[in-house]
Amino acid sequence: VKYYEEAVRLDPLDGYSMGRVGLLRAELGDLEKAQEAAEKALEMWPDNVHSYTAIAAVRMLQGRYTGALESLRLASKDEDDHLDALIMEGDLLYTLNRFREAHRVYERLAKLNPQDIEGNLGMARCALAGSSVRLPGAVCVRLTCAGPLRRFSRCIVGG
Numbered sequence: 147v148k149y150y151e152e153a154v155r156l157d158p159l160d161g162y163s164m165g166r167v168g169l170l171r172a173e174l175g176d177l178e179k180a181q182e183a184a185e186k187a188l189e190m191w192p193d194n195v196h197s198y199t200a201i202a203a204v205r206m207l208q209g210r211y212t213g214a215l216e217s218l219r220l221a222s223k224d225e226d227d228h229l230d231a232l233i234m235e236g237d238l239l240y241t242l243n244r245f246r247e248a249h250r251v252y253e254r255l256a257k258l259n260p261q262d263i264e265g266n267l268g269m270a271r272c273a274l275a276g277s278s279v280r281l282p283g284a285v286c287v288r289l290t291c292a293g294p295l296r297r298f299s300r301c302i303v304g305g
């Protein structure tokens, strides 16, 4: 947080850094400062994916899920392959028990970034949640930790 706050101090029009301050403050549970930073980021850098994901993070933690989903959809309006926004959207749809929609988001995420766990694990979670989403025979989710030698995989057997 301090790194991005310093970047904003040095360049008060740095909307990217202000958005990161909002996201990080939200993750730390400081919702008041997170909302303030996210709103400033949106003013500084309107129609930017980072500003909207910061707003969405705050709204999610406030339990304002519809508003968070709207922000994430605005985030992906111009940049539909932003990984953070896709992860947040998939997780939010999953939380709302909208498994089919979440599965589509996770599937897109897995195609964009096959080495990352989020998309594959998200698809498996949707299938295991009892939705009508089905996975082929066995879906292997590859988890990559810290380096290429510390890999392991786990198979989740699907329908």
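Numbers 147 to 305, taken from the numbering used here, label the letters of the sequence shown in order.
Positions of the beta carbon are idealized from the N, C-alpha and C atoms, including for glycine.
| Where residue 203 sits in the DSSP three-state scheme | helix
| query | How is residue 284 classed by DSSP in three states: helix, strand or coil? | reply | Because the pLDDT of residue 284 is 40, which lies under 50, any placement of that residue in the model is unreliable, and the question is left without a value.
| said: With H, G and I counted as helix, E and B as strand and the rest as coil, what does DSSP make of residue 261? | reply: coil
| Cβ neighbours of residue 223 in the same chain (closer than 8 Å, five flanking residues each side left out) | 193
| task | Output the boundary residues of the alpha helix (DSSP H) element that contains residue 210. | result | Looking at the DSSP string, residue 210 is not in any alpha helix (DSSP H), and its letter there is neither H nor E.
| request: Sort 206, 150, 151 and 161 by Cα distance to residue 172 and report the nearest one. | output: Taking only the C-alpha atoms, the option nearest residue 172 is 206.
| task | Please name the residue, chosen from 167, 174 and 175, that lies closest to residue 184 on a Cα-to-Cα basis. | result | 167
| said: Can you tell me whether residue 149 is buried or exposed? The criterion is at least 16 other CB atoms within 10 Å of its CB, across all chains shown. | reply: exposed
| Do you know how far the Cα of residue 261 is from the Cα of residue 180? | 31 Å
| said: Within the continuous alpha helix (DSSP H) that includes residue 146, where are the two ends? | reply: Missing from the structure shown is residue 146; the chain here goes from 147 to 305 and no further.
| Tell me which same chain residues have a C-beta within less than 7 Å of the C-beta of residue 164, skipping the five on either side of it? | 154, 183, 186, 187 and 190
| Through-space distance from residue 241 to residue 257, alpha-carbon basis | 22 Å
| query | What is the residue span of the alpha helix (DSSP H) that residue 237 lies within? | reply | 229-241
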